[in-house]
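One point on numbering: in this note's numbering, the residue at position 2 of the sequence shown is -4, and numbering is uninterrupted.
Built from N, CA and C at the ideal position, the CB exists for glycine as well.
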Amino acid sequence: MEKVEKDTLLPIGSVVRFKTWEQPLMIYGRKQEDSKTKKTWDYVACYYPIGNISTEYNMFFNHEHISEVIFTGYVNEDEIKLREDLN
């Protein structure tokens, strides 16, 4: 289990546990707007290992709702720059 950093958005492809959910989730978007509520969330994720089925199964949540980082996605210079821009 990896430590959840308070102020650092996780990269695309990261697999996490939501605080009240047992099913692992894979992050595939950051700073995303829920089209139904128009609220902007830190992350949009899909069920892991199932993947993105449809928009009806999108899971929107904020960084503080992550209880565990199971896997951290790929990080390179482009990711670091984008993360700085998103924060």
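Start-to-end residues for the alpha helix (DSSP H) that takes in Ile74: It spans 71 to 80 - the alpha helix (DSSP H) in which Ile74 sits, taken as one unbroken run.
Rounded C-alpha distance that separates Leu76 from Gly45: Near 23 Å, if we compare the C-alpha coordinates of Gly45 and Leu76.
Backbone CA spacing between Ser29 and Cys40 [nearest angstrom]: 16 Å
Bridge partner(s) assigned by DSSP for Lys21: One detail in the question is off: residue 21 reads as Ile in this sequence, not Lys. Ile21 is bridged to Ala39.
Beta-carbon proximity list for Tyr68, same chain, < 7 Å, skipping 5 on both sides: Cβ neighbours of Tyr68 within its own chain (closer than 7 Å, five residues either side excluded): Pro5, Gly7.
Sub-8 Å separation of Val10 and Leu3 beta-carbons: A distance of 8 Å or more separates the beta carbons of Val10 and Leu3.
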